[in-house]
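Q: Below is a structure I'd like to ask you about.
Numbering (our numbering), first residue to last: 19 to 171.
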């Protein structure tokens, strides 16, 4: 029995040696937050208060000054100079004209998941119009590692 377990361990560790160069990654989640005139998404650190304040901002759009996209992602065995997080946002501007805005940031991989933030505020937010759909992607050079998108994308 011991010999069998030792053989399984050796075969498993040998397989992981050959797979050491494989880059893996994924987008875990994207959280869009409306921002008020002071740039806040909440009035207190409580998650309950944050959700209540977000509902308030959705109902009172004249108090909204922008939107922030918080992307949680994770990548393993990727080189820092090639890794990037991209968020694409679709919207509807004045007169029903479609809008597209792309945010991109170079990031560094690590053992744990990380957060990257993109903000659409001020004049850009007013010109963009209403956000309809979004998509977050994680790239290693030209290789797509992971993606998370809204229902309407």
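Ideal Cβ positions, reconstructed from N, Cα and C, are used throughout, including at glycine.
In this text, all values refer to a predicted model and were calculated from it rather than measured experimentally.
Is it the case that the Cβ atoms of residue 158 and residue 95 are separated by a distance below 7 Å?
A: Stepping through the chain shown from its first residue, residue 158 is reached at position 140. Stepping through the chain shown from its first residue, residue 95 is reached at position 77. Not a contact, by the Cβ cut-off of 7 Å.
Q: What is the DSSP secondary structure of residue 27, counted as helix, strand or coil?
A: Looking up residue 27 in the chain shown gives position 9. If DSSP states are grouped into helix, strand and coil, residue 27 belongs with the helices.
Q: Flag this pair as touching only if the region 76-92 and the region 60-68 have three or more C-beta atom pairs under 8 Å; answer yes or no.
A: no
Q: Could you tell me the boundaries of the beta strand (DSSP E) in which residue 117 lies?
A: Counting from one through the chain shown, the residue named residue 117 turns up at place 99. Residues 116-124.
Q: Just reading off the beta strand (DSSP E) that residue 129 is part of, what are its end residues?
A: Numbered from its first residue, the chain shown carries residue 129 at position 111. Segment: none, residue 129 is in no beta strand (DSSP E) and carries neither H nor E.
Q: Give the straight-line distance between the Cα atoms of residue 147 and residue 140, rounded to the nearest whole angstrom.
A: Residue numbering aside, residue 147 sits at position 129 when the chain shown is read from its first letter. Residue numbering aside, residue 140 sits at position 122 when the chain shown is read from its first letter. Cα-Cα distance, rounded: 11 Å.
Q: From the DSSP output, read off the bridge partner residues of residue 84.
A: The residue labelled residue 84 in the question sits at position 66 within the chain shown. Note: residue 84 is bridge-paired with 53 and 139 in the DSSP secondary-structure output.
Q: According to DSSP, which residues form a beta bridge with residue 152?
A: In the chain shown, the residue the question calls residue 152 occupies position 134. DSSP, once it has assigned bridges, lists 107 as partnering residue 152.
Q: Given 8 Å as the limit, is there contact between the region 106-121 and the region 70-78, that is, 3 or more CB pairs closer than that?
A: no
Q: With DSSP run on the structure shown, which of helix, strand or coil describes residue 95?
A: In the chain shown, residue 95 corresponds to position 77, counting from 1. Coil, per DSSP.
Q: Return the first residue and the last residue of the beta strand (DSSP E) that residue 166 is part of.
A: Locating residue 166 in the chain shown gives position 148, where the first residue counts as 1. Unbroken beta strand (DSSP E) run through residue 166: 161-167.
Q: Among residues of its own chain, excluding the 5 on either side of residue 131, which ones have a beta-carbon nearer than 7 Å to its beta-carbon?
A: Position 113 of the chain shown, counted from the first residue, corresponds to residue 131. Excluding sequence neighbours, residue 131 sits near 46, 90, 91 and 92.
Q: Let me check understanding here. Comparing Cα to Cα, which of 80, 134, 138 and 103 lies closest to residue 161?
A: Within the chain shown, the letter at position 143 stands for residue 161. Nearest of 80, 134, 138 and 103 to residue 161, Cα basis: 103.
Q: Helix or strand or just coil, what does DSSP make of residue 75?
A: Here residue 75 refers to the residue found at position 57 when the chain shown is read from its first residue. In the structure shown, residue 75 sits in a helix (DSSP, three-state: H, G or I).
Q: Could you compute how far the alpha carbon of residue 164 sits from the alpha carbon of residue 134?
A: If you number the chain shown from 1, residue 164 lands on position 146. If you number the chain shown from 1, residue 134 lands on position 116. Cα to Cα, the separation comes out at about 15 Å.
Q: In this structure, how does DSSP classify residue 65 when only helix, strand and coil are distinguished?
A: By 1-based counting over the chain shown, the position of residue 65 is 47. Correct three-state label for residue 65: helix.
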